[in-house]
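Trainee: I have a structure here, written as structure tokens, and I will follow up with some questions on it.
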Amino acid sequence: MSKILIGLRNRVYADYIGYCLRMQGQEVEVVDDGIDIIHLLFTRNWNIAIIGIHLGYYNGLEILQKYRRHYHEMVKDTNGEAPAKLKIFIASSVYDKLSIQQARSLGAKDYFVMPQDTDEFLNQVLKKSSL
């Protein structure tokens with residue numbers, strides 16, 4: 088069972104994705120905006136985060152930057168022994184090459200353009216998370 092954090096601008100779709108993942112036995116929390124995502128990323132241990140590129144307060148790229156800095160500080164504090172790394176997936180309703188490149192350079196596991204078939208999307212996320 089994975090612990091999954093979901094934060095998308097479209098709350099109805101985020102809730103639906105959360106429901107589908109819960110039906111597969113995953114532990115899921117759905118939040119509304121970048122502030123909630125930032126708070127939960129740094130206060131709980133997650134296996135997967137699905138974050139929208141456009142959110143309130145912080146966008147997906149800003150969240151990736153903050154997590155990357157935090158992760159590197161954790162590695163320094165533990166004398167080079169990295170804790171289990173969270174796999175972050177970015178989702179957007181717009182195909183934007185620059186955002187895709189930025190997300191990947193900041194450590195995103197993948198970038199998905201939504202909407203797409205929900206089952207296929209979730210299967211890809213879970214498959215890429217296990218790699």
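88 is the number of the first residue of the sequence shown in this note's numbering; add one for each residue after it. Backbone N, C-alpha and C define an ideal beta-carbon position, used for all residues, glycine too.
Measure how close the beta-carbons of L151 and A195 come, nearest whole angstrom, since I'm counting them as under 8 Å.
Mentor: Here the question's residue 151 lines up with position 64 in the sequence shown. Here the question's residue 195 lines up with position 108 in the sequence shown. L151 to A195, Cβ: 6 Å. Contact.
Trainee: Taking Cβ to Cβ, would you say I175 is nearer than 8 Å to Y144?
Mentor: If you number the sequence shown from 1, residue 175 lands on position 88. If you number the sequence shown from 1, residue 144 lands on position 57. Going by C-beta atoms, I175 is not nearer than 8 Å to Y144.
Trainee: Can you tell me which of the three DSSP states S195 falls into?
Mentor: Start at 1 with the first residue of the sequence shown, and residue 195 comes out as number 108. Note on residue identity: the sequence assigns Ala, not Ser, to residue 195. It is coil, neither helix nor strand.
Trainee: Which one or two residues does DSSP pair with K214 in a beta bridge?
Mentor: Along the sequence shown, one-based indexing puts residue 214 at 127. In the DSSP output, where bridge partners are listed per residue, K214 has none listed.
Trainee: Please return the same chain residues whose Cβ sits closer than 6 Å to the Cβ of E116, not counting the five positions on each side in sequence.
Mentor: Looking up residue 116 in the sequence shown gives position 29. Here the set comprises L92.
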